[in-house]
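Residue numbers (this note's numbering): 5 to 64. Cβ atoms here follow ideal geometry from the backbone N, Cα and C, with glycine treated the same way. None of the values given here were measured: they were computed from a predicted structure. Comments concern the structure below.
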Amino acid sequence: MAEKLKITLVKSPIGAIPKQRATVEALGLTKMHKTVELPANDAVKGMVQAVRHLVKVEEI
């Protein structure tokens with residue numbers, strides 16, 4: 005199992021509902037194609053699941 009997740013914003017959250025926009029920002033994704041590395045814990049996985057149509061996820 006991976007220790008970290010590499011999360012990239014691939015679709016703009018402009019048209020998303022406000023809760024999803026807040027989730028994207030809480031993940032640290034502020035601009036298109038920005039990538040962040042976060043720990044692969046349940047909290048982060050739940051946030052990614054909520055915005056799975058906006059992000060690309062890779063296990064590291």
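Same chain, Cβ closer than 7 angstroms to Gly69, neighbours up to 5 away in sequence not counted
A query on residue 69 cannot be resolved here, the shown segment of the chain reaching from 5 to 64 and no further.
Taking 8 angstroms as the CB-CB cut-off, is Arg56 touching chain C?
The structure shown contains no chain C; it is built from a single protein chain.
Based on Cα-Cα distance, which residue from Val59, Lys8 and Glu63 lies nearest to Thr34?
On the sequence shown, position 30 is the one that residue 34 refers to. Among Val59, Lys8 and Glu63, the Cα nearest to that of Thr34 belongs to Val59.
Reference Ala20, options Gly50, Val55 and Lys49, closest by Cα:
The residue given as residue 20 occupies position 16 in the sequence shown. Considering only alpha carbons, the answer is Val55.
As an exercise, report each continuous alpha helix (DSSP H) stretch of at least 4 residues that is fully enclosed by the region 10-55, in chain order.
22-30 and 46-54
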